[in-house]
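According to the working numbering, numbering within the sequence shown proceeds without interruption in unit steps and concludes at 272. Glycine is no exception: its CB is placed at the ideal position from the N, C-alpha and C atoms. The next block holds one structure in the form of structure tokens; read it before the comments.
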Amino acid sequence: MPVFFKFLSALPLGVLHGLGWVLGWIVWLASGVYRRRFLANVQQAGLTLRACLGAVGQSGQLVAELPRLWLGRPVAVDWRGAEHVQHALAEGRGVVFLTPHLGCFEITAQAYAQRFGQGAHPITVLFRPPRQSWLRQLVGAARQRPGLLTAPTTLSGVKQLIKALRRGESVGLLPDQVPPQGMGVMAAFFGRDAYTMTLSVRLVQQTGAAMLLAWGERLGGARGYRVHVQPMSAALPADLTAAATAVNRAMQDLVLQCPSQYLWGYARYKLPRETAHE
-5 MPVFFKFLSA LPLGVLHGLG WVLGWIVWLA SGVYRRRFLA NVQQAGLTLR ACLGAVGQSG
55 QLVAELPRLW LGRPVAVDWR GAEHVQHALA EGRGVVFLTP HLGCFEITAQ AYAQRFGQGA
115 HPITVLFRPP RQSWLRQLVG AARQRPGLLT APTTLSGVKQ LIKALRRGES VGLLPDQVPP
175 QGMGVMAAFF GRDAYTMTLS VRLVQQTGAA MLLAWGERLG GARGYRVHVQ PMSAALPADL
235 TAAATAVNRA MQDLVLQCPS QYLWGYARYK LPRETAHE
């Protein structure tokens, strides 16, 4: 399988996106569970299927582009809102980047590492290691690059994030990912309670770090990606549930910027798994 990934990584981005588009539709047509969840989440958000149907193919592109992003040549990236990153880093108090399951969330950390992370401000990304040993090794090697570090979803990983922020560095989280039990609260997401991580809020409260919203738009015609960055519209409340609700509201606003690239098939409203162990 690693050899196959290496082969895919050499293909043009347009070819991978074309294959991914087909893959996305095959999964949509073959899996009734996935299709019903996709439609239910779109309806919960109050959006039309027409506005979100492009996400069927985009979800396949999300998978197909990974070999290129992990192992292949660099891809074209431009920025919208890079000045917010520069300002936050200049303050020297660390930055927490929040990225939903929107567009290419793999590219956001890579693009940051390339532009900002190879000096005094690397970024540490929280991620859940795959269960398959070959994939765990592949992902671990691919994500360890200049300016980009990883931390596991364990207590030791959280401590790693806190230390990074206290050094004035950056961390990246997917706040719309369902956390382990005991590491979140119920907070509204598109009008329905969803178990929502409090880690991003606690990191800001404990370290005084800045918080920025970021997502990677997948550009058409294999033109690469555009990283969008913007600040939170207001300071987070002290109460964890109120703060998690504010984060969810911010994630909603990002999704509504480009609903055709959101991962609507993600089981956002599922029950949390057991608490992670160190």
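How would you label residue i, buried or exposed, when you count the other beta carbons within 10 angstroms and need 16 or more for buried?
{"i": "G141", "result": "buried"}
{"i": "H271", "result": "Residue confidence for H271 is low, a pLDDT of 41 falling below 50, so the modelled location carries little weight; the figure read from the coordinates is stated next. It counts as exposed."}
{"i": "G111", "result": "buried"}
{"i": "H222", "result": "buried"}
{"i": "Q80", "result": "exposed"}
{"i": "V241", "result": "buried"}
{"i": "T190", "result": "buried"}
{"i": "P61", "result": "buried"}
{"i": "E59", "result": "buried"}
{"i": "A4", "result": "exposed"}
{"i": "I101", "result": "buried"}
{"i": "R125", "result": "exposed"}
{"i": "P231", "result": "exposed"}
{"i": "A39", "result": "buried"}
{"i": "A229", "result": "exposed"}
{"i": "S150", "result": "exposed"}
Give every residue of the same chain whose Cβ lies closer than 7 Å to the Cβ of residue i, excluding the five residues on either side of it in the sequence, and list them in chain order.
{"i": "R196", "result": "none"}
{"i": "R212", "result": "Q52, Q55, G97, C98, Y219, Q255"}
{"i": "V57", "result": "G14, L17"}
{"i": "T239", "result": "A181, A182"}
{"i": "K280", "result": "With the chain covering -5 to 272 only, the question about residue 280 has no answer from this structure."}
{"i": "I156", "result": "L197, Q200, T201"}
Nearest to residue i by alpha carbon, out of the options?
{"i": "H115", "options": "R161, A229, A4", "result": "R161"}
{"i": "G8", "options": "A70, V36, Q38, K157", "result": "A70"}
{"i": "R306", "options": "L10, A204, G185, R217", "result": "In the structure as shown, the chain starts at -5 and stops at 272, and residue 306 therefore has no counterpart that could be examined."}
{"i": "V89", "options": "R29, W19, A237, Q199", "result": "Q199"}
{"i": "P266", "options": "G178, L234, V119", "result": "G178"}
{"i": "R139", "options": "F121, T148, Q108", "result": "Q108"}
{"i": "G176", "options": "K153, Q154, T148, G166", "result": "T148"}
{"i": "L207", "options": "G113, L33, G75, S150", "result": "G75"}
{"i": "Q224", "options": "Q131, W73, T192", "result": "W73"}
{"i": "F(-2)", "options": "F32, L129, K153", "result": "L129"}
How far does the beta strand (DSSP E) with residue i in it extend, from its first residue to its last?
{"i": "R212", "result": "204 to 212"}
{"i": "V89", "result": "89 to 92"}
{"i": "F183", "result": "178 to 183"}
{"i": "V71", "result": "71 to 74"}
{"i": "P146", "result": "142 to 146"}
Tell me the rounded alpha-carbon separation between residue i and residue j.
{"i": "V50", "j": "D170", "result": "19 Å"}
{"i": "A103", "j": "T144", "result": "10 Å"}
{"i": "S164", "j": "I117", "result": "5 Å"}
{"i": "R203", "j": "L23", "result": "A quick correction: the sequence has Ala, not Arg, at residue 203. One C-alpha to the other measures close to 44 Å."}
{"i": "L47", "j": "V133", "result": "29 Å"}
{"i": "P(-4)", "j": "L159", "result": "34 Å"}
{"i": "A135", "j": "P68", "result": "16 Å"}
{"i": "L120", "j": "L92", "result": "11 Å"}
{"i": "G214", "j": "R30", "result": "27 Å"}
{"i": "R87", "j": "G12", "result": "42 Å"}
{"i": "V21", "j": "A84", "result": "45 Å"}
{"i": "P174", "j": "A216", "result": "36 Å"}
{"i": "S25", "j": "W19", "result": "10 Å"}
Starting from residue i and walking both ways along the alpha helix (DSSP H), at which residues does that stretch end?
{"i": "Y263", "result": "Looking at the DSSP string, Y263 is not in any alpha helix (DSSP H), and its letter there is neither H nor E."}
{"i": "W15", "result": "7 to 24"}
{"i": "Q224", "result": "Premise fails: Q224 lies in the beta strand (DSSP E), 219 to 225, not in any alpha helix (DSSP H)."}
{"i": "Y256", "result": "Element bounds for Y256: n/a, residue is neither H nor E."}
{"i": "L168", "result": "Element bounds for L168: n/a, residue is neither H nor E."}
Looking only at its own chain, which residues have a Cβ that is under 6 Å from the Cβ of residue i, when we skip the five neighbours before and after it?
{"i": "A188", "result": "R262, Y263"}
{"i": "L2", "result": "P61"}
{"i": "S227", "result": "none"}
{"i": "A45", "result": "P253"}
{"i": "A105", "result": "V71, V221"}
Who are the Cβ neighbours of residue i in its own chain at under 8 Å, not counting the five residues just before and after it?
{"i": "P94", "result": "L168, P169, D170, W209, M245, L248, V249, Y256"}
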